[in-house]
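Residue numbers (numbering that gives the first Met the number 0): 0 to 675. For reference, the structure is listed below as structure tokens.
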Amino acid sequence: MKSARTLLLHILVCSIYCVGFSQTPTDSLKTKLETALSDQERLEILDELSEYYRKRYDPATIPFSKQTIVLAKELKDWETYLNRANLLADFYTFDANYPDSARMLIDEALFKAEEVSPKNEAKLYLTLTDVYDRKGELDSAWSASEKALDIYKNLNDSTIRRFAWSYNVQGKLLRKKGEISTAQEAFNNSIRLYEYQEDSLGMLSPIQGLTILFAQAQIYDEAKKYRSQVVFKARELGRVNYVITENYNAAMDERKQGNQELERSYLLKMLKEAEKKEEETDKNFYNFVGWSAISSAYGRANIKDSLNYYYSKAKELQPNYANDPYASHFYNNASAYKYLLDRNFDRALDYAAQYEAVAQKSDKENMIYVNELYSNIYKAKGDYGKSLQYFKKYSSSRDSLFNVSKVNTLSYYQTEFETAKKEKQIAIQEASIQELNTKNRLNRRLYLSLVGLVAISGIAALLWKSQQASKKNAAIQQQFAQKLILSQESERKRISKELHDSVGQSLVLIKNKVHLSGTSDTEELVSNTIQEVRSISRGLHPQALDKLGLTAAIEKLVDDADNSTDIFFSREIDAIDGYLSKAEEINVYRIVQESISNLIKHSGAPSALIKTVDRTSDIEVMIKDNGAGFDLTEKSDLLNSLGMKTLKERAEMLKAKFSLDSTKGEGTTVLLQVPK
């Protein structure tokens with residue numbers, strides 16, 4: 000995803016690195032340019048200089064790109080001309096904020112592209128789509144994207160990355176226009192092509208598009224599911240920008256649900272991730288957006304001190320983004336709330352109007368927040384008539400943007416897409432099973448032949464007796480361990496009940512008496528003791544398991560871990576209630592609980608995924624992190640520890656398959672497969 004960046008307003012000068020006046024890379028290229036013997040050599044150097052500055056978001060790329068374009072046309076080097084024209088148009092659009100200059104450059108280049116290069120023609124139309132989108136002209140943007148997509152369809156080459164990207168671009172445009180089902184179809188088409196190309200990075204953007212789409216349709220569980228995929232994969236690939244934007248999107252989801260504290264929590268996570276960006280330009284952009292957004296959030300919550308703190312930080316960077324409408328609309332919203340809390344209503348309305356001007360050209364959803372802002376300002380001003388007028392607009396636009404039929408269509412199309420994916424996976428698995436069966440038949444024949452040659456009855460008998468003795472001892476040990484676990488669970492449940500029913504109730508009575516006596520310090524001490532007793536009780540026996548069932552208990556376990564640690568916990572939980580006995584559910588819960596505890600203590604992971612899958616013949620539970628990991632051959636003491644033995648014993652009691660896989664630097668995966 001492209002970040003909007005401001006045009007630097009001063010001319011960069013050559014740096015002097017040491018007393019010896021050593022040359023920069025550009026100095027060397029400029030020297031070569033002056034001594035070039037041929038126009039072709041000059042063209043190559045000009046193109047290299049243009050690219051050097053472009054990658055650094057440096058406006059010095061503009062004059063060098065223009066010279067490259069002129070010389071390329073003179074030499075009839077159309078590939079260089081079309082490529083550089085497209086890249087300069089992209090720079091005009093996103094970095095210099097000159098969309099009109101970009102459009103004129105593309106219009107001229109398209110005449111030649113139609114003659115010589117369909118691929119370059121399609122690339123130019125995609126950039127033209129960005130130009131119109133930037134200007135808020137969605138119909139023109141759609142028309143340009145259609146032309147690009149038609150060219151790629153005619154080329155009929157599924158390996159072209161921009162073919163997949165063109166569907167993603169259309170998905171974004173359709174989402175902005177509020178056309179849910181067609182937007183969803185476009186994103187899914189993009190994902191299919193990226194899967195075919197085996198491009199995990201490319202897939203992140205359309206999956207992110209689905210996340211936003213489901214959130215707009217208020218299907219927040221699905222939005223969270225897809226967001227977890229994006230964050231987990233982005234961390235694996237080292238793409239911090241996706242993690243930053245998904246934290247912002249999560250904040251907006253919480254805002255829609257009225258969860259102001261969680262909204263601010265995700266915005267703070269966004270800012271924390273932004274600090275990881277090495278490129279100063281990107282870091283400043285994300286900080287500016289994040290500080291502005293959290294200022295608005297504190298403004299809506301009427302928390303003035305925090306608003307002023309973050310607003311002052313955003314204000315320092317504001318001059319850098321004065322010409323950037325995308326970044327400025329966050330700041331204008333924050334400014335409106337800042338002056339609203341200062342009761343300077345004229346300034347608040349002025350910034351609200353600037354916020355509205357950009358919102359009208361972007362997503363329809365933004366107009367919902369514009370009406371909310373106006374309603375809040377007029378309410379504080381005492382103009383209740385206008386406040387009610389804008390509140391009605393806010394309510395009606397929020398309710399009408401995504402009606403029930405659109406939401407149902409969204410669910411239907413996504414079900415179709417997921418079903419197709421599962422059918423494809425099943426076909427692959429069946430083919431693998433068939434291949435495995437063939438290999439097994441050959442292996443069996445070979446094995447029987449070898450047994451016939453080497454079987455010695457006496458040795459076989461001795462081995463058999465030894466094995467039987469070992470099995471008997473192992474069975475006795477296993478039976479003892481399982482009885483011990485059952486006994487521990489029974490005792491834990493009894494103590495937990497005693498703590499809750501007897502000690503807990505007694506402490507509550509003591510607290511009430513202390514409260515009546517007016518001894519506040521003692522009352523606080525008793526309250527803390529009650530909380531500790533309840534915490535111990537919950538630890539001894541999970542009450543949520545008895546009251547809510549296994550699925551909800553695991554979800555609560557994950558959410559508690561997410562809220563109490565810096566680790567980003569994601570969950571993809573299928574309902575698995577009703578398949579297991581109470582004793583079996585306790586064992587599954589304890590395995591998940593112990594695995595999460597070990598993950599928090601030892602993994603050092605930034606994120607983790609907990610997943611349950613309701614399969615035909617079994618229940619699969621996975622606990623996966625992307626932390627430090629370890630070498631299994633070096634950690635034999637860990638594999639033989641009491642905690643690990645207990646996990647394995649619980650799995651044995653469930654007749655389940657249990658595995659632990661870990662790689663240094665890549666993370667650890669615990670997998671449990673419980674038969675139904």
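We treat Cβ as the ideally placed atom computed from N, Cα and C, and that holds for glycine. Predicted model, so just to flag it, every value in this text is computed and none were measured.
Check: Where does the unbroken alpha helix (DSSP H) through PHE213 begin, and where does it stop?
Finding: PHE213 -> alpha helix (DSSP H) spans 199-215.
Note to self: Bridge partners for SER569 per DSSP, in chain order?
What the structure shows: The partner list for SER569 (beta bridge, DSSP) reads LEU608.
Next item on the list: May I ask you to report which of helix, strand or coil DSSP gives ASP76?
Entry: ASP76 falls in the coil class under three-state DSSP.
Check: What's the C-alpha gap between TYR383 and ALA351?
Finding: Rounded to the nearest whole angstrom, the C-alpha separation of TYR383 and ALA351 is 18 angstroms.
Check: What is the C-beta distance between GLY201 and ARG160, in whole angstroms, given that I count them as a contact (C-beta under 8 angstroms)?
Finding: For GLY201 against ARG160, the beta-carbon gap comes to about 6 angstroms, under 8 angstroms, which counts as contact.
Next item on the list: Look at the alpha carbon of GLU355 and the alpha carbon of LYS363, and state the distance between them as a whole number of angstroms.
Entry: Roughly 11 angstroms separates the two Cα atoms.
Check: Is it a yes or a no for the segment 590-604 touching the segment 637-652, going by three-plus beta-carbon pairs under 8 angstroms?
Finding: Flag = yes, the segment 590-604 and the segment 637-652 touch.
Check: Under the rule that 16 or more other beta-carbon atoms within 10 Å means buried, what is LEU36, buried or exposed?
Finding: Label assigned to LEU36: exposed.
Notebook entry, point to check: If TYR124 and ALA101 are in contact, beta carbons under 8 angstroms, what's the gap, nearest whole angstrom?
Noted result: About 13 angstroms separates the two Cβ atoms, so there is no contact after all.
Checklist line | TYR320 and PHE287 closer than 7 angstroms at C-beta | finding: Yes, Cβ-Cβ distance for TYR320 and PHE287 is below 7 angstroms.
Check: Out of curiosity, what's the CA-to-CA distance linking VAL69 and ASN301?
Finding: Put simply, the backbone Cα of VAL69 is about 57 angstroms away from that of ASN301.
Notebook entry, point to check: For LEU81, does the count of other Cβ atoms within 10 angstroms reach 16, so buried, or fall short, so exposed?
Noted result: With 16 or more Cβ atoms within 10 Å of its Cβ, LEU81 is classed as buried.
Note to self: Suppose you measure from the CA of ASP630 to the CA of ASP660; what does that come to, to the nearest Å?
What the structure shows: Straight-line Cα distance between these residues: approximately 9 angstroms.
Note to self: Within 10 Å of its beta-carbon, does TYR195 have 16 or more other beta-carbons around it, so buried, or fewer, so exposed?
What the structure shows: By the neighbour-count rule (16 or more Cβ atoms within 10 Å), TYR195 is not buried but exposed.
Check: Excluding the five sequence neighbours on either side, which residues of its own chain have a C-beta within less than 7 angstroms of the C-beta of ASP559, listed in chain order?
Finding: Nothing meets the Cβ criterion.
Margin query: Can you confirm whether the segment 229-238 touches the segment 265-273 when touching is taken to mean that 3 or more C-beta pairs between the two stretches lie within less than 8 angstroms?
Written below: Judged by Cβ distances under 8 angstroms, the segment 265-273 makes no contact with the segment 229-238, as fewer than three pairs qualify.
Notebook entry, point to check: For SER116, which three-state DSSP category applies?
Noted result: Looking at SER116 - three-state DSSP - the assignment turns out to be coil, as it is neither helix nor strand.
Item checked: Continuous alpha helix (DSSP H) stretch holding ILE367: start and end -> Start and end: 363-380.
Next item on the list: Note down, in chain order, each residue of its chain lying with its Cβ closer than 7 angstroms to the Cβ of ILE15, except the 5 sequence neighbours on either side.
Entry: At ILE15, the pLDDT of 31 sits below 50, so the modelled position is not reliable; the number obtained from the coordinates is stated separately. Take ILE15, set aside five residues on each side of it, and no residue of its chain has a beta-carbon closer than 7 angstroms to its own.
Item checked: Whole-angstrom C-beta distance between PHE568 and VAL557, which should lie under 8 angstroms -> That pair is a contact at about 5 angstroms.
Next item on the list: Using only alpha-carbon positions, find the residue among ILE44, GLY603, ARG589 and ASP573 that is nearest to LYS610.
Entry: From the listed residues ILE44, GLY603, ARG589 and ASP573, the smallest Cα separation to LYS610 is found for ASP573.
Item checked: C-beta atoms of LYS623 and THR668 nearer than 7 angstroms -> In contact: LYS623 and THR668 (Cβ atoms closer than 7 angstroms).
Item checked: Coil, strand or helix - GLU178 by DSSP -> In the three-state DSSP reduction, GLU178 falls in the coil class, being neither helix nor strand.
Next item on the list: Assign SER640 to one of three DSSP states: helix, strand, or coil.
Entry: Coil at SER640, not helix or strand.
Next item on the list: Could you say which of THR564, GLU50 and GLU571 lies nearest to ALA551 if we only look at CA atoms?
Entry: For ALA551, the nearest C-alpha among the options comes from GLU571.
Margin query: DSSP three-state label for THR662, please.
Written below: Of the three classes helix, strand and coil, the one that applies to THR662 here is strand, per DSSP.
Notebook entry, point to check: Under three-state DSSP, which class holds PHE657?
Noted result: Strand at PHE657.
Margin query: Judging by CA-CA distance, which residue of ILE376, LYS378, ALA379 and ASN370 is the nearest neighbour of LYS392?
Written below: The alpha carbon of LYS392 has as its nearest neighbour, out of ILE376, LYS378, ALA379 and ASN370, the alpha carbon of ASN370.
Next item on the list: Note down the Cα distance separating GLY603 from ALA627, rounded to an integer number of angstroms.
Entry: Taking C-alpha positions only, GLY603 is separated from ALA627 by approximately 6 angstroms.
Notebook entry, point to check: So what does DSSP say about VAL406, is it helix, strand or coil?
Noted result: Note on VAL406: pLDDT 46, under 50, position unreliable in the model; the coordinate value appears next. VAL406: helix per DSSP, three-state reduction.
Next item on the list: Just the C-alpha distance for ARG346 and ILE376, rounded to the nearest angstrom, thanks.
Entry: Spanning the two alpha carbons is a distance of roughly 11 angstroms.
Item checked: LEU549 in three-state terms, based on DSSP -> The DSSP-derived three-state label of LEU549 is helix.
Margin query: Suppose you measure from the CA of TYR225 to the CA of SER606; what does that come to, to the nearest Å?
Written below: Taken atom to atom, the span from the alpha-carbon of TYR225 to that of SER606 is near 15 angstroms.
Next item on the list: Give the secondary structure of ASP613 by DSSP, where H, G and I count as helix, E and B as strand, and everything else as coil.
Entry: In this structure, DSSP gives ASP613 an extended state, which the three-state scheme calls strand.
Note to self: Give the list of continuous alpha helix (DSSP H) stretches no shorter than 4 residues that lie fully inside the segment 40-105.
What the structure shows: Considered as a whole, the segment 40-105 harbours 60-73 and 77-93 as its complete alpha helix (DSSP H) runs of no fewer than 4 residues, in chain order.
Checklist line | Separation of ASN597 from PHE479, as counted between CA atoms | finding: Confidence is the limiting factor: at PHE479 the pLDDT is only 45, short of 50, which leaves the residue's position unreliable and the question unanswerable from this model.
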